[in-house]
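Protein chains: 2
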Amino acid sequence: MIDTPYLLFLGDAPDMLAAKVAIGIRDWRPEFAIGQYRMEGCKADLGLPDLTLAEAKARGVKTLVVGVANRGGVISQSWKKVLVAALEDGFDLASGLHNLLCDEPDLAAVAAATGRALHDVRVPSVDYPIANGVKRTGKRMLAIGTDCSVGKMYTALCMEREMRARGMKASFRATGQTGILITGGGVPLDAVVADFMAGAVECLTPDNDPDHWDLIEGQGSLFHVSYSGVTLALVHGGQPDALVICDEPTRAHMRGLPGYKLPTLEAVRDMGVALARVANPACVAVGCAINTQHMDEAVARDHLKAVEDRMGLPATDPFRFGAGVLVDALARV
Amino acid sequence: MIDTPYLLFLGDAPDMLAAKVAIGIRDWRPEFAIGQYRMEGCKADLGLPDLTLAEAKARGVKTLVVGVANRGGVISQSWKKVLVAALEDGFDLASGLHNLLCDEPDLAAVAAATGRALHDVRVPSVDYPIANGVKRTGKRMLAIGTDCSVGKMYTALCMEREMRARGMKASFRATGQTGILITGGGVPLDAVVADFMAGAVECLTPDNDPDHWDLIEGQGSLFHVSYSGVTLALVHGGQPDALVICDEPTRAHMRGLPGYKLPTLEAVRDMGVALARVANPACVAVGCAINTQHMDEAVARDHLKAVEDRMGLPATDPFRFGAGVLVDALARV
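Top line first, the protein sequences correspond to chains Z and C. Read left to right, the first sequence gives residues 3 to 335 (our numbering). Read left to right, the second sequence gives residues 3 to 335 (our numbering).
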């Protein structure tokens, strides 16, 4: 686990898009997002207090999170000055960059000398076991998608927020780098060695109270030929009681695969439920989460109504219109 | 690729079972198995010439293959003497042991000094790409199973032997450690990082002649919750035109999962074909390969007849009764 709260390092981000990870943390864990650290030329602004390292320290910050994509895949010397100063001031560092903090000799040396931690959330930090398939207590929801990047993480986070607001027991379980930085823990599933994927998911979603829900962030799609194996490890390791089917209806083809059409919601439901029942015979599909960001509101509401009629399941854009109907459906499982 | 031919190192194997990898090489690549090297106390005997290193050298051996499981997970000092001598005499070493040759400082030092290679086939030796899903030329068969260890590797190897005997173009494609040592190349799929599994399978089965068949060794099962993600990466990365469904009918439960019953052949066929058609809409199930080693011959033949009637597909135990009917079926695809 990464110590919280965070100071969000934005570096010299050229635009808001480069600060996607920091935005995710601000949106979903505002209580962790104490402030932002911007360097000269930074074009991103989260609307959080701009803090020096000393001010962040005084407010209890434990970790400087690199919440920005770096340019050209290199951790620049101007960033390094700040990162080294942060380590020397007693902060841990956390990053989801492709270039690992621990591969930078100067950062590694300062971290070792100061006893601070470097959290590279793109690499698994523990050895996971082979999955044992033993039934666990508590309940689990898995977001499964027609494709990659259709809103599975946001769906699970929206549901967690709604469930907690209702006083239900719920934990978002991160399986990707952004989710891990948002919550401070999780499994970077796409970086786990094949034999241990399902075991890692079992570890992520252990025994819990009978009325507790793990809300598991999905990855890939059973119909995405590049990543489907990761998805199936989630379906079998997660032992979900409930599936929420996620879609982005304006997409022309599978992400990164121009020759591949998106599957229907029905196909995702049928394949997902059939495979999930190998590990949990009680699994059902409970609803649809539709990412309507590219539709105006009237079109979006019409689309959701059409999905509900077609599928016989509640449908919403949980980020735009709330996750209420999905949580209502979970409460009936 | 591992240079051939081989001298098969049996060490001080306590019994034949410990020499499983060496037996596989002898059975499937007799042309590579020039001789065996046995130490004092060795209880295994492959019926091959016992050769000294010098004799092996004279017969053109290029690689000493550790074809035996070691005791207690340690590469003993008595083994080391032979392995070091082999390196000094100009042989490469290859091993499928859990303990890696390259993690032994003395072996690594001698290999570096002599310029010889240490092949640890349990770890991937190359960086694989993300799968791109682009249709490849040539044809592919994938062995899929009800469970782990039901005979998928033997099925693919039996089919290769039969096809080559008929003058057909066929290549067994190894996806596990034993298969890699048998053929000298392949992908240790269970050790590949999740994101690259399907890409590794694409690399293993590249474009080929239109009438060439890759015979892909299966792994795990779509219904085995510990390893199903690996299996699905084979189904999607392999783009199979044909599936052969493998079963061991006397098994009481899924391997390592006491609470899980084996799926039916019908379930494996239906799920396998449905998922395979995402990557290759032309994929069909062509036959069943039944491992009848625990049945006497009359029972085995009755069982195969019953499977054929039930499934409407040819069924054989390819190792016991030949792979002819499976190859006939492939030839019709």
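The C-beta atom is built at its ideal place from N, Cα and C for all residues, glycine as well. Predicted model only: the values in this text are computed from it and were never measured.
In the displayed model, Phe11(Z) falls within a strand according to three-state DSSP. Taking C-beta atoms under 8 angstroms as the contact rule, Ala20(C) and Val70(C) qualify, at a distance of about 5 angstroms. A check of alpha carbon separations from Val23(C) across Asp52(C), Asn282(C), Cys104(C), Ala96(C) identifies Ala96(C) as the nearest. Listed in chain order, the positions of the stretch 228–244 of chain Z with a beta carbon within less than 9 angstroms of a beta carbon of chain C are Ser228, Tyr229, Ser230, Gly231, Val232, Thr233, Leu234, Ala235, Leu236, Val237, His238, Gly239, Gln241.
Around the beta carbon of Lys154(Z), a 10 Å sphere encloses 16 or more other beta carbons of the protein chains shown; the residue is thus reported as buried.
Remark: fewer than three beta-carbon pairs, one from each stretch, lie closer than 8 angstroms, so the stretch 125–140 of chain C and the stretch 236–254 of chain Z are not flagged as touching.
For Asp304(Z), the enclosing alpha helix (DSSP H) covers residues 299–313. One thing to note: Gly274(Z) has its Cβ within 9 angstroms of the Cβ of Ile247(Z). Residues of chain Z whose Cβ lies closer than 7 angstroms to the Cβ of Tyr262(C) are, in chain order, Gly135. Cβ contact annotation for Thr54(Z) (same chain, cutoff 6 angstroms, sequence separation greater than five): none. Only those residues of the stretch 101–132 of chain C whose C-beta falls short of 9 angstroms from the nearest C-beta of chain Z are listed: Ile132. Think of a sphere of 7 angstroms around the beta carbon of Leu12(Z): no beta carbon from chain C falls inside it, the nearest being about 27 angstroms out. Around the beta carbon of His121(Z), 16 or more other beta carbons sit within 10 angstroms, so the residue counts as buried.
Remark: C-beta atoms of Ala244(C) and Arg312(C) do not approach each other more closely than 9 angstroms. Pairwise C-beta distances place the stretch 11–18 of chain C out of contact with the stretch 318–332 of chain Z, as fewer than three of them are shorter than 8 angstroms. Following the DSSP letters along the chain, one finds Tyr39(Z) inside the beta strand (DSSP E) bounded by residues 35–40. Under the criterion of beta carbons closer than 8 angstroms, Leu12(C) and Cys44(C) qualify as touching, at roughly 5 angstroms. When the five nearest sequence neighbours on each side are left out, the beta carbons in the same chain lying within less than 8 angstroms of the beta carbon of Val286(C) are those of Asp243, Ala244, Leu245, Val275, Val335, in order along the chain.
Taking Lys137(Z) as reference, the option from Gly201(Z), Pro260(Z), Tyr262(Z) with the minimal CA-CA separation is Gly201(Z). Look at Met143(C): its C-beta is not under 9 angstroms from any C-beta on chain Z.
By a beta-carbon distance limit of 8 angstroms, Gly220(Z) contacts Leu144(Z). Their separation comes to about 6 angstroms. Counted as a single uninterrupted DSSP element, the stretch harbouring Ile4(C) is not any alpha helix (DSSP H), since DSSP gives it neither H nor E. For the options Arg166(C), Val309(C), Leu159(C), Pro283(C), the alpha carbon positioned closest to that of Gly289(C) is the one of Val309(C). Put simply, the CB of Gly258(C) is near chain Z, with a gap under 9 angstroms to one of its CB atoms. Residues of chain C with a Cβ closer than 8 angstroms to the Cβ of Leu191(Z) are, in chain order, Ala196. Within the same chain, Lys22, Val23, Gly26, Gly98, Met155 come within 8 angstroms of Thr180(Z) by CB-CB distance, once the 5 residues on both sides are set aside. Rounded to the nearest whole angstrom, the C-alpha separation of Tyr39(Z) and Ala115(Z) is 24 angstroms. From the listed residues His238(Z), Leu236(Z), Leu109(Z), Val232(Z), the smallest Cα separation to Leu236(C) is found for Val232(Z). Counting only residues of its own chain and dropping the five nearest sequence neighbours on each side, Ser173(Z) has a CB closer than 6 angstroms to the CB of Asp216. Looking at the DSSP output, Val67(C) sits in a beta bridge with Leu10(C), Ala96(C). If you ignore the 5 residues before and after Ala46(Z), its C-beta comes within less than 6 angstroms of the C-beta of Leu12, Ala15, Met18, Ala21, all in its own chain and listed in chain order. Contact with chain Z is found for Gly201(C), since one of that chain's Cβ atoms lies less than 9 angstroms from the residue's Cβ. Contacts with chain Z (Cβ-Cβ distance below 8 angstroms) from the stretch 157–188 of chain C involve no residue at all. Using beta-carbon distances, Ala276(Z) counts as an interface residue toward chain C, with a partner under 9 angstroms.
By the beta-carbon neighbour count (other beta carbons within 10 angstroms, threshold 16), Ala281(C) is buried. Per DSSP, reduced to three states, the secondary structure at Ser173(Z) is strand.
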